[in-house]
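**Q** First the structure, which I've put down as structure tokens, then a few questions once you've had a look.
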Amino acid sequence: MALLRLDCIMSPQYRTGAPCWLDLGTHDLSGSLDFYRELFGWEFNDLGAETNHYHLITADGSTVGGLMDVSGMTCPEGGEIPTRFDVYLHTDDLAATVQKARERGTVYIDNNQVGDAGSMSVMADPSGAGLNAWQPNQITGFELPLTHGTPVWFECRSTDFDASVGFYREVFDWSVVEMDGMPEGTPRYATNGSVTGTLPDGTQCEAVCGLVDAAAMPPQFQESTWSIFFGCSDLDAALETAQRLGAATGEIGQSPFGRFCQVTDPQGATFMLNEL
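When we follow the UniProt record's numbering, the leftmost residue of the sequence shown carries the number 1, and every step to the right adds one.
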């Protein structure tokens, strides 16, 4: 996340461990702008040279996240930054979160101050899934209207499910609820709260993201990474548009929350489409 202007973003409230921001880093800025503008109707606001031309993303007036050109930049862990989406999880105490993350995962950047907006850390869970922690100052995060072109779900695929469960429970205070009654052969799945909004003990805690056992998934999904599900009003039409624009698309899946499909944009960033 680059330095942001504070008059650009509304700031809803988030609980610890909830996704609160997303970035798209790309090696083809104009290509990414054109692709997502046509696919989702995203609008982009270039925040200027002082932010390395970080672009604020909005969809029908709602803040979605940010986009920036990462050409020539290197990852904290070494190597060129790939074209990808990054997820930020909320914390009220970044120092404490970083200390816990060191004990259970890997921390690459302790504390990066982003102007008056807030502070962030770059880390990975024990399975290697990369993520960022965000402690807000004047900017809390994106808006979640759950509409076309906005994030509707976040999911961590982990090749070490139990270790990742422990990481997110201890580091980000997740109230982990493992799904039961799943069909035989279905990978283990947990959420950071209840899909009904109420935990078994009666505590109100609505799930806003999930964790899946990637080791039990088909080979093409057996990697540790965070995935973002973007809502779309018509999955078939969205896939047709994505393919016409040069994206690669996977097989359509079905869940209680709608049909979904993985998409890799022409620049190489992978995300999920979820029909609303």
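Where a beta carbon is used, it is the ideal one built from N, C-alpha and C, also for glycine.
What do you get for residue 257, buried or exposed, if any count of 16 or more other CB atoms within 10 angstroms of its CB means buried?
**A** Residue 257 sits at position 257 when you count from the first residue of the sequence shown. By the neighbour-count rule (16 or more Cβ atoms within 10 Å), residue 257 is not buried but exposed.
**Q** Whole angstroms are fine: how far does the CA of residue 190 sit from the CA of residue 158?
**A** One-based indexing of the sequence shown puts residue 158 at position 158. One-based indexing of the sequence shown puts residue 190 at position 190. Across the structure, residue 158 and residue 190 are spaced so that their CA atoms are roughly 11 Å apart.
**Q** Counting only the same chain and skipping the five closest in sequence on each side, list residues whose C-beta sits under 6 Å from that of residue 174.
**A** Taking the sequence shown and counting its residues from 1, the one referred to as residue 174 is at position 174. Excluding sequence neighbours, residue 174 sits near 17, 168, 192.
**Q** Pick out whichever of 117, 153, 70 has its Cα sitting closest to the Cα of residue 53.
**A** For this step, residue 53 is matched to residue 53 along the sequence shown. When only C-alpha atoms are compared, the closest one is 70.
**Q** Residues in the same chain with beta-carbon distance under 7 Å from residue 35, minus the five sequence neighbours each way, listed in chain order, please.
**A** Start at 1 with the first residue of the sequence shown, and residue 35 comes out as number 35. The beta carbon of residue 35 sits closer than 7 Å to those of 245, 265, 266, all from its chain and outside the five residues before and after it, given in chain order.
**Q** Please list, in chain order, all residues of the same chain as residue 146 whose beta carbon is under 8 Å from its beta carbon, the five residues on each side excluded.
**A** Here residue 146 is taken as the residue at index 146 of the sequence shown, counted from 1. Excluding sequence neighbours, residue 146 sits near 152, 231, 276.
**Q** Over the uninterrupted beta strand (DSSP E) stretch that includes residue 227, give me the two end residues.
**A** Locating residue 227 in the sequence shown gives position 227, where the first residue counts as 1. Here the beta strand (DSSP E) through residue 227 covers 225 to 232.
**Q** If you pair each beta-carbon of the segment 91 to 99 with each one of the segment 71 to 82, do three or more pairs fall below 8 Å?
**A** no
**Q** Mind checking whether residue 131 and residue 87 have CB atoms under 8 Å apart?
**A** For the purposes of this step, residue 131 is taken as residue 131 along the sequence shown, with counting starting at 1. For the purposes of this step, residue 87 is taken as residue 87 along the sequence shown, with counting starting at 1. Contact flag set, yes.
**Q** What is the C-beta distance between residue 119 and residue 113, in whole angstroms, given that I count them as a contact (C-beta under 8 Å)?
**A** In the sequence shown, the residue the question calls residue 119 occupies position 119. In the sequence shown, the residue the question calls residue 113 occupies position 113. Sure, about 5 Å apart at Cβ, within 8 Å.
**Q** Opposite residue 134 in the DSSP bridges: which residues?
**A** Residue mapping note: residue 134 aligns to position 134 of the sequence shown, counting from 1. Beta-bridge pairing links residue 134 to 90, 120.
**Q** With DSSP run on the structure shown, which of helix, strand or coil describes residue 219?
**A** For the purposes of this step, residue 219 is taken as the residue at position 219 of the sequence shown. In the three-state DSSP reduction, residue 219 falls in the helix class (H, G or I).
**Q** Skipping 5 residues on each side, what residues in its chain have a beta carbon closer than 7 Å to that of residue 29?
**A** Reading the sequence shown from its first residue, position 29 is the one you call residue 29. Counting only residues of its own chain and dropping the five nearest sequence neighbours on each side, residue 29 has a CB closer than 7 Å to the CB of 69.
**Q** For the alpha helix (DSSP H) holding residue 36, just list the boundary residues, first then last.
**A** Taking the first residue of the sequence shown as 1, we reach residue 36 at position 36. Here the alpha helix (DSSP H) through residue 36 covers 29 to 40.
**Q** Determine the DSSP secondary structure at residue 204, reduced to helix, strand or coil.
**A** In the sequence shown, counting from the first residue as 1, residue 204 sits at position 204. Here residue 204 carries a strand assignment [DSSP, helix/strand/coil].
**Q** Taking the CB atoms as reference points, tell me whether residue 163 and residue 126 lie closer together than 8 Å.
**A** Mapped onto the sequence shown, residue 163 falls at position 163. Mapped onto the sequence shown, residue 126 falls at position 126. For residue 163 and residue 126, yes; Cβs fall inside 8 Å.
**Q** Under the three-state reduction of DSSP, which class applies to residue 44: helix, strand or coil?
**A** For this step, residue 44 is matched to residue 44 along the sequence shown. Strand at residue 44.
**Q** So within the segment 133 to 185, which uninterrupted alpha helix (DSSP H) runs reach at least 4 residues, ignoring any that extend past its ends?
**A** 161 to 172
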